[in-house]
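One structure is given below, encoded as structure tokens.
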Amino acid sequence: MGSRQTITLATAAAQAPTADQMARICRMFGTEAVDVDGIHSATFDSLMQQAGALRPNLSDKAMEMHFQRIVGAYVGSAYGAAQFYDAKRLVARDMASKLNEMRDEDRDGPSGFESRLERAQMFAADMAAQSFATLAAAEGAVAAYAEITGNEWKPYVANTPDNQAVSRQAATLRASAFD
781 MGSRQTITLA
791 TAAAQAPTAD
801 QMARICRMFG
811 TEAVDVDGIH
821 SATFDSLMQQ
831 AGALRPNLSD
841 KAMEMHFQRI
851 VGAYVGSAYG
861 AAQFYDAKRL
871 VARDMASKLN
881 EMRDEDRDGP
891 SGFESRLERA
901 QMFAADMAAQ
911 SFATLAAAEG
921 AVAAYAEITG
931 NEWKPYVANT
941 PDNQAVSRQA
951 ATLRASAFD
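The sequence shown runs 781 to 959 under my numbering.
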């Protein structure tokens, strides 16, 4: 079994479009700008409201564990959206490349319809906006985590020693003694 990559806000941001790239995409494709500040604030406020409601019933450690998982989901979502955007961006770029020998992609579609290239580029632009939006939500969640717990958010990493598979086999074998 291989080790899983640790997903951080930085790994999500590395594949998502930057603010400058997103501004260019909005200009070139005529799409609406992503309300990064609004998304960040809404996510932050929502998690702060949840923390206020939970505080009387959760210990500090339970609060930290709960929000660790929630923020991890936001960051994981941003990472997944960024990976998907990056893949679609590469497809659109490849289709437009002069090195591409299959130039049928940029031929006009049937009268009044977009070509395959235009559809691929538009889809990549839409995925850029989704990636940028989910990254803003993840950033809001990470900021809320710091406010709620007083700690910087770090991805959860399970303690999995190299001999875990052997230990699990031994435990299974021992458990059979009770059958």
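Built from N, CA and C at the ideal position, the CB exists for glycine as well.
Computed from a predicted structure; not experimentally measured.
- The residues Q901, M902 and A905, in chain order, have a CB closer than 8 Å to that of F809 in the same chain once the five nearest residues on each side in sequence are set aside.
- A803: member of the alpha helix (DSSP H) spanning A799 to F809, first to last residue.
- In the three-state reduction of the DSSP assignment, V816 falls in the helix class.
- For P836, the number of other beta carbons within 10 angstroms of its own is below 16, and it is reported as exposed.
- In the DSSP assignment, R899 falls within the alpha helix (DSSP H) that extends over R896 to T929.
- A distance below 6 Å between beta-carbons, with the five flanking residues on each side excluded, links M828 to the following residues of its chain, in chain order: A924.
- Taking each of E812, R804, G860 and M843 in turn and checking the Cα distance to A918, the smallest one comes out for G860.
- I805 and A913 have their C-alpha atoms roughly 14 Å apart.
- The C-beta of K868 has 16 or more other C-beta atoms within 10 Å across all chains shown, which makes the residue buried.
- When rounded, the separation of the alpha-carbon atoms in R807 and D815 is 15 Å.
- Taking the C-beta atoms as reference points, Q863 is found no nearer than 8 Å to Q785.
- A Cβ-Cβ distance of about 6 Å is found for the pair S911 and P797, placing them in contact under the 8 Å criterion.
- Of all alpha-carbon atoms in R899, R849, I850 and V851, the one lying nearest the alpha-carbon of R873 is that of R899.
- The residue among A951, A916 and R948 with its C-alpha nearest the C-alpha of G856 is A916.
- Within the same chain, T811 and V814 come within 7 Å of A909 by CB-CB distance, once the 5 residues on both sides are set aside.
- Cβ-Cβ distances below 6 Å link T929 to E844 in the same chain, with the five nearest sequence neighbours on each side left out; the list follows chain order.
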